[in-house]
Each structure stands twice: as C-alpha cells, then as structure tokens.
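Per the UniProt record's numbering, residue 1 is the first one in the sequence shown, and the count goes up by one each step.
Ideal placement from N, C-alpha and C gives every residue a C-beta, glycine not left out.
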Amino acid sequence: MTPQERVEPLPARDSTAPLRRGRRGGSTASREHILKTARRMFADHGFEGTSLRQVARAAGVDPAMVHHFFSGKDELFALCVELPADPGQVLAGVADTDPGLRGELLVRAVLRLWEGPAQPGLLAFLRGTLGSKAKTAMLRDVVARTIISRAMAGIPGTADEVALRGSLVATQMVGLMMVRYVVRLEPLASAASEDVVRSVAPNVQRYLTGTLS
Numbered sequence: 001m002t003p004q005e006r007v008e009p010l011p012a013r014d015s016t017a018p019l020r021r022g023r024r025g026g027s028t029a030s031r032e033h034i035l036k037t038a039r040r041m042f043a044d045h046g047f048e049g050t051s052l053r054q055v056a057r058a059a060g061v062d063p064a065m066v067h068h069f070f071s072g073k074d075e076l077f078a079l080c081v082e083l084p085a086d087p088g089q090v091l092a093g094v095a096d097t098d099p100g101l102r103g104e105l106l107v108r109a110v111l112r113l114w115e116g117p118a119q120p121g122l123l124a125f126l127r128g129t130l131g132s133k134a135k136t137a138m139l140r141d142v143v144a145r146t147i148i149s150r151a152m153a154g155i156p157g158t159a160d161e162v163a164l165r166g167s168l169v170a171t172q173m174v175g176l177m178m179v180r181y182v183v184r185l186e187p188l189a190s191a192a193s194e195d196v197v198r199s200v201a202p203n204v205q206r207y208l209t210g211t212l213s
C-alpha cells in the first residue's frame with residue numbers, strides 16, 4: 001500500500017478524473033453523509049449550537065457542497081428530523097394573531113395537520129422519537145424553535161414567565177397529539193374535532209394569557 005492509498009478515504013474512483021471539492025462518492029452518498037453528520041450534531045448541540053460550516057467540517061466536505069444540497073440550515077434540520085410537514089406553514093399567521101385569540105387557533109392548526117394527508121408521516125416521526133435520546137433532543141428543538149416561539153410571540157411577561165407559559169402550552173399540544181393520535185385513548189381519540197377544540201383550547205389559552213396560580 002502506497003502512502004497515497006493510505007490517506008485516501010474516498011471510495012474507488014477514476015484516478016484520471018479531477019476530485020470534486022468535498023465529494024465522498026456519488027451525489028446521493030455525499031448528501032446522505034452530510035445528513036447523517038448533521039443529524040448527530042443537531043442532536044448533540046441543538047439547532048442554535050450547530051452551523052452549516054461546522055457540519056461541513058465534521059463531514060469532511062467543502063461548505064459549498066452543503067449549500068449545494070440544502071437551501072439553508074432550516075431545510076437541513078427539517079430533513080434531519082424527517083418532519084412530514086413544515087411547521088412554519090402549518091402555524092402561518094399565529095405570531096400575528098391577538099394573543100387572546102391564539103389558543104383556539106393553535107388547537108385547530110394541530111387538528112387540521114393531523115387529520116390531513118401528513119398523519120402517517122407524523123405518526124412515524126413521533127413513534128420514532130420514543131426511546132431515542134437523539135431524536136427526542138431534535139423533537140425538543142422543533143417544539144421550542146418552530147412551535148412555541150410562534151405561539152409565544154408578543155406574550156407579555158418576563159422571559160422566565162413566558163418560558164413557563166410556553167412549556168405549559170407544549171404539554172397541551174404534544175399531549176393532545178400523543179393521546180389522540182398515537183396512544184388513541186378513548187373517548188378523545190374518536191371525539192369530533194369541534195368537541196376537541198371546545199375542550200382543549202380554553203386551557204391552552206389560559207396557559208398563554210391567563211392566570212397560572
């Protein structure tokens with residue numbers, strides 16, 4: 001084995017062909033390698049603690065390759081956690097809605113999403129997080145960054161008070177999804193959507209803007 005062969009970690013290729021920057025074989029292999037690396041980094045360091053440049057460095061590729069495959073960190077993160085729907089689209093307009101009317105809007109958005117074509121993917125995603133510390137960490141980031149941040153936008157109070165309210169809202173929203181669609185506990189699992197809204201939205205609203213004690 002020559003010294004050149006010992007330091008060449010890439011798959012076999014035509015030695016006369018130029019080596020593309022950061023390429024680890026075919027496009028599919030390179031993209032999957034970046035995803036695998038990013039998934040590990042997001043799980044370890046969270047969304048805010050991970051940059052595209054850090055992902056590129058850890059994956060051993062040029063940063064331009066990461067930008068070639070992914071439009072930005074949001075897309076890379078969404079693909080890493082395998083979200084079947086874009087939370088930004090599902091919750092569009094929530095942050096601009098009067099905080100006093102936001103509880104019902106949030107519950108309706110969850111029901112509309114889960115009772116649509118995305119349900120199989122959502123079920124697979126939630127079930128996949130159970131028992132996996134890495135996936136649970138990424139789910140926590142998704143809830144905090146894309147759901148709670150929108151739900152709590154403009155809510156009055158100190159940072160600690162708003163954070164507490166956000167956590168309490170999350171107990172209702174995540175609990176609703178788990179009990180109605182994953183565990184399928186009756187009678188909630190079969191309840192009409194309007195009945196669910198009437199039962200759950202007032203509590204969500206209390207956590208958003210009401211008295212907590």
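- If the five residues before and after Leu106 are omitted, its C-beta is found closer than 8 Å to the C-beta atoms of Leu91, Val94, Ala151, Val169, Met173, Ala201 and Val204, all from its own chain and listed in chain order.
- Per DSSP, Ser190 lies in no alpha helix (DSSP H) segment and is marked neither H nor E.
- In the assembly as shown, Ser132 is an exposed residue. Its beta-carbon has fewer than 16 other beta-carbons within 10 Å.
- Phe125 places its beta carbon 8 Å or farther from that of Phe77.
- With a cut-off of 8 Å on Cβ pairs, the stretch 153-168 is not in contact with the stretch 109-125, counting fewer than three such pairs.
- CA-CA distance, Thr158 to Gln54, rounds to 33 Å.
- In this structure, the alpha-carbon of Leu130 lies about 7 Å from that of Thr136.
- The C-beta distance from Leu188 to Arg180 rounds to 5 Å, short enough to fall under 8 Å.
- Glu186 has its alpha-carbon roughly 43 Å from the corresponding atom of His33.
- A distance below 7 Å between beta-carbons, with the five flanking residues on each side excluded, links Leu176 to the following residues of its chain, in chain order: Val110 and Val200.
- One Cα belongs to Glu194, the other to Ala85, and the distance between them is close to 23 Å.
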